[in-house]
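Under mature numbering (1 follows the signal peptide of the UniProt record, and there is no 0), residues -22 to -1, 1 to 163 are what the sequence shown spells out, in order.
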Amino acid sequence: MRNRSPFAAAVLAATLAAASLAACTTQPPAEQATAPGGDVKQLIAQLEDSSDARPLAGYQGVSVGEEELTVVDAGGAESRLALPADERYVSVAPYVDRTHECYFHNLATCRGELTDTEITVTFTDDDGQVLLQETARTAANGFAGFWLPQDVSGTITVEHDGRTGQVPFETAPGSPTCITTLRLA
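Quick look at the structure:
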């Protein structure tokens, strides 16, 4: 059995408790469940950056959707945590040789090719304004995640080891939270 950090264990316990209460109330699950301290962003960062192999033990899935994080534990219990209304999470897995299709990023199961790799990432909107530019490191799952403003579109540029790749992105409703089409050439 894998050791979970105290934070991850507390979040799992809270989400399971919220899921068990969901059947007894009239509120949608996303309005009931919150991460300890209300910081779903911290939970996403912790799971994304986990050095544990994928799939993550203890979870069937942890999917980042448009408005909520859906957590399904190993027993199939599901809970939902509301995401910030004014931001959108976008997880990027640049690749050289192999990739997979993905729309809503699953923190527990998605695996990219370039694990534990330093990359330079730039998000530029359609007007040419740089929204974010930083050096990041892909996690053990091959992804690097970023929080962006809601309702913008533009281009993601990633550079690594003399290779560069670009793909369009969008953070409007209906847009993916998982980018696996960015090939470095």
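Even for Gly, the Cβ is constructed at its ideal location relative to N, Cα and C. Being a predicted model, the structure only gives us computed values, none of them experimental.
Short Cβ contact (8 Å threshold) for residue i with residue j
| i | j | result |
| --- | --- | --- |
| E137 | L85 | no |
| E91 | R76 | yes |
| V74 | R141 | yes |
| I22 | Y81 | no |
| G143 | A122 | no |
| S131 | D105 | no |
| T116 | D139 | no |
| E44 | P151 | yes |
Neighbourhood of residue i by C-beta, 8 Å cutoff - its chain only, sequence neighbours within 5 removed
| i | result |
| --- | --- |
| V145 | T133, I134, I157, T159 and L160 |
| R32 | A86, T87, C88, R89, A118 and N119 |
| L110 | V99, T100, F101, F124 and L126 |
| E79 | T158 |
| G54 | Q38 |
Per DSSP, cross-strand counterpart(s) of residue i
| i | result |
| --- | --- |
| L126 | R66 |
| S57 | V49 |
| F101 | L110 and I134 |
| E148 | S131 |
| S41 | T48 and N84 |
| T142 | E137 |
| E96 | R115 |
| I22 | I22 is not bridged to any residue. |
| R161 | Y73 |
Reference residue i, options the options, closest by Cα
| i | options | result |
| --- | --- | --- |
| A60 | S153, S69, V70 and Q20 | Q20 |
| D51 | A35, F82, P72 and A150 | A35 |
| T155 | R115, D94, G106 and D129 | D129 |
| T149 | E79, V42 and R115 | V42 |
| G39 | Q107, Q24, E56 and D30 | E56 |
| P62 | Q24, H83, V18 and T48 | V18 |
| P72 | V108, A114 and S153 | A114 |
Proximal residues to residue i (C-beta, below 7 Å), its chain only, five neighbours per side dropped
| i | result |
| --- | --- |
| E65 | W125, L126, P127 and Q128 |
| E112 | V99 |
Beta-carbon contacts of residue i that lie in its chain and below 6 Å, excluding the five residues immediately before and after
| i | result |
| --- | --- |
| S29 | A118 |
| H83 | V42, S69, T155 and C156 |
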